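Peer 1: Shown below is the structure under consideration.
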Ligand SMILES: [Fe+2]
Ligand SMILES: [Fe+2]
């Protein structure tokens, strides 16, 4: 279908209005993921039906690499998103797809299955492709708000053709795992491109739920550790996975870090603030965020099923600079 400029404009305006009614005020750019001052929640059930329409429409008018709806990045079937790199570290948590889409970072191709976490450290050249017949969607977690403070950010498109060559298939394990070349000493980067497969993450969470101790503010809590440093996932951000037991209500605390969440399973409510509390109700694939220094607690509203939440916090950046504070009630 070829639309006239007027028809295109009209359909874009209709889409914008629909998104706005769902609380999505900025959707085209990765900057849609930047922190806001107020708590927010985006419901998957609201935005998912708009993905196909948004995907087709934006593909006609925009650089496809900037296609976000409600902070979910979309890649349409058959599409290859041109490569670029930037100072900001990026993490991608896959929400929807059949494993046929991929990201290439510094020549390494990683296929993206639902709930996988892909880490792309600063200035990694990256592009995406979708070889399947369905849309793929993930949530992007960048430290652009930190980059904004440390300007200027380097941002460049790959110029030698649209995309750099793929030089290796998934090789994360050999580069970062228990088996590595013995001469891989010398100065190491602070983070390398890596994919954390969901099966391993959820198995570790399950094991910890059996034997570990609950964090009073987050339930069972895991960090995706950086295999190079043993510390935070990337120097500025820590990716985490948490499990709230059936009916669990956490205690209330606040901290100077920002935490952005993506619900993997279950239903619950996160309460922000103590006077005039805001209740963020969430379900599978929803995204929500708690701004810095606001009291909050989580509750699993199911009495039979656990709730699992993925999150990214910028706590490591605060800690490195001595700004991290936490208070409990
Ligand atoms: Fe990017
Ligand atoms: Fe917290």
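Residue numbers (the numbering used here): 1005 to 1333. No residue lacks a Cβ here, since even glycine has one placed at the ideal position from N, Cα and C. Predicted model, so just to flag it, every value in this text is computed and none were measured.
1) Rounded to the nearest angstrom, what separates residue 1215 and residue 1133 at their Cα positions?
2) State buried or exposed for residue 1017, treating a residue as buried only when at least 16 other CB atoms are found within 10 Å of its CB.
3) Who are residue 1223's beta bridge partners in DSSP?
4) How close, in whole Å, do the beta carbons of residue 1244 and residue 1332 come, if the pair is a contact with beta carbons under 8 angstroms?
5) With a threshold of 6 angstroms on Cβ separation, who are the neighbours of residue 1221 within its own chain once the five nearest residues in sequence on each side are excluded?
6) If you check the beta carbons only, do residue 1046 and residue 1318 fall under 8 angstroms apart?
7) In terms of residue numbering, what span does the alpha helix (DSSP H) encompassing residue 1020 cover?
8) Would you say residue 1047 touches ligand 2, meaning its beta carbon is less than 7 angstroms from a heavy atom?
9) Less than 7 angstroms between the CB of residue 1072 and some heavy atom of ligand 2, yes or no?
10) Hey, would you say residue 1129 sits closer than 8 angstroms to residue 1096, going by beta carbons?
11) Once DSSP output is grouped into helix, strand and coil, what is the label at residue 1244?
12) Quick check on residue 1297: buried or exposed, where buried means 16 or more other Cβ atoms within 10 Å of its Cβ?
13) Would you list, in sequence order, the uninterrupted beta strand (DSSP E) runs of no fewer than 3 residues that lie entirely inside the segment 1040-1064?
14) Please look up how many angstroms separate the CB atoms of residue 1168 and residue 1111, rounded, as I've assumed it's under 8 angstroms.
15) Return yes when at least one heavy atom of ligand 1 lies under 7 angstroms from the C-beta of residue 1094, else no.
16) Under 6 angstroms Cβ to Cβ from residue 1048, same chain only, skipping five residues before and after it: list those, please.
17) What ranges does the beta strand (DSSP E) occupy inside the segment 1105-1184, keeping only unbroken runs of at least 3 residues that lie completely in it?
Peer 2: Looking at the coordinates:
1) 40 angstroms
2) exposed
3) 1219
4) About 18 angstroms separates the two Cβ atoms, so there is no contact after all.
5) Its chain contains 1254, 1255, 1257 as the residues whose beta carbon lies nearer than 6 angstroms to that of residue 1221, once the 5 sequence neighbours on both sides are disregarded; these appear in chain order.
6) no
7) 1009-1025
8) no
9) Remark: the shortest separation between the CB of residue 1072 and any heavy atom of ligand 2 does not fall under 7 angstroms.
10) No, they are not a contact pair.
11) It is a strand residue.
12) exposed
13) 1044-1046
14) Under the criterion of beta carbons closer than 8 angstroms, residue 1168 and residue 1111 qualify as touching, at roughly 6 angstroms.
15) Correct: residue 1094 has its Cβ closer than 7 angstroms to ligand 1.
16) 1289, 1290
17) 1105-1109, 1112-1115, 1121-1124, 1130-1134, 1140-1146, 1159-1161
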